[in-house]
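Engineer: Can you read through this structure? Questions will come right after.
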Amino acid sequence: MFDYEAKRWGSAPLRPRPWFMNGLKLRYLLADLEPVRGKVLDVGCGAGSVAKAVKRERPDLEVVACDVSRSALAVAEASPEGVDFRAAQAEKLPFADGEFDFVWIFDVLEHVEKP
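Per our numbering, the very first residue in the sequence shown carries number 63; after that it's consecutive.
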């Protein structure tokens with residue numbers, strides 16, 4: 063089983079740079095978000111680098127991010143940059159159906175016991 067506490071995933075700043083994988087993923091995400099307005103959700107945000115990068119690039123969006131790791135969320139919340147971080151399991155999200163206009167999940171399924 064993946065040790066969520068061993069490393070604070072997503073604690074490094076992220077920019078949409080094409081020459082490394084996370085930057086490329088962010089560029090594709092930002093392209094998909096182009097027509098989106100309103101509220102978006104990052105499921106399994108780790109320490110929040112993707113959610114924070116989206117908020118920097120798209121300050122018009124209301125960005126909510128959740129993760130199961132309270133220690134990763136503590137890192138994220140130390141400088142939230144306008145993102146609303148919440149503790150939640152991906153399998154049991156505490157949000158209403160249709161609450162978000164766009165939801166993404168990066169690098170999470172391989173860490174879920176029964177995806």
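All residues carry an ideal CB built from backbone N, CA and C; glycine is no exception.
In chain order, what residues of the same chain have a beta carbon less than 8 Å from the beta carbon of VAL130, not counting five sequence neighbours either side?
Structural biologist: Hits under 8 Å: TYR66, GLY106, ALA149, ALA150, GLN151, ALA152.
Engineer: CA-CA distance, GLY110 and ASP146?
Structural biologist: Distance between the alpha carbons of GLY110 and ASP146 is about 10 Å.
Engineer: So, with DSSP's three-state summary, where would you put ASP94?
Structural biologist: Here ASP94 sits in helix by DSSP.
Engineer: As an exercise, report each continuous beta strand (DSSP E) stretch of at least 3 residues that is fully enclosed by the region 123-160, in chain order.
Structural biologist: List check, beta strand (DSSP E) in window: 124-129, 146-149.
Engineer: Where do the ends of the beta strand (DSSP E) carrying LYS176 lie?
Structural biologist: From DSSP, LYS176 is part of no beta strand (DSSP E); its letter is neither H nor E.
Engineer: To the nearest whole angstrom, what separates the beta carbons of LEU95 and ARG120, a pair I think is in contact under 8 Å?
Structural biologist: That pair is a contact at about 6 Å.
Engineer: Do ASP159 and VAL98 have their C-beta atoms closer together than 8 Å?
Structural biologist: Contact: no.
Engineer: Among the candidates ARG89, GLU161, GLU172, ASP169, whose CA atom is the shortest distance from the CA of VAL126?
Structural biologist: Comparing Cα-Cα distances from VAL126 to each of ARG89, GLU161, GLU172, ASP169, the minimum goes to GLU161.
Engineer: DSSP state of VAL102, grouped into three classes?
Structural biologist: In this structure, VAL102 counts as strand in the three-state DSSP scheme.
Engineer: From this set, LYS154, VAL174, PRO177, VAL170, which residue's C-alpha is nearest VAL112's C-alpha?
Structural biologist: The shortest C-alpha separation from VAL112 is found at VAL170.
Engineer: Do the CB positions of VAL174 and LEU103 come within less than 8 Å of each other?
Structural biologist: Their beta carbons are not under 8 Å apart, which means VAL174 does not touch LEU103 by this criterion.
Engineer: For LEU155 and ALA140, what's the separation of their Cα atoms in angstroms?
Structural biologist: For LEU155 and ALA140, the distance between alpha carbons rounds to 23 Å.
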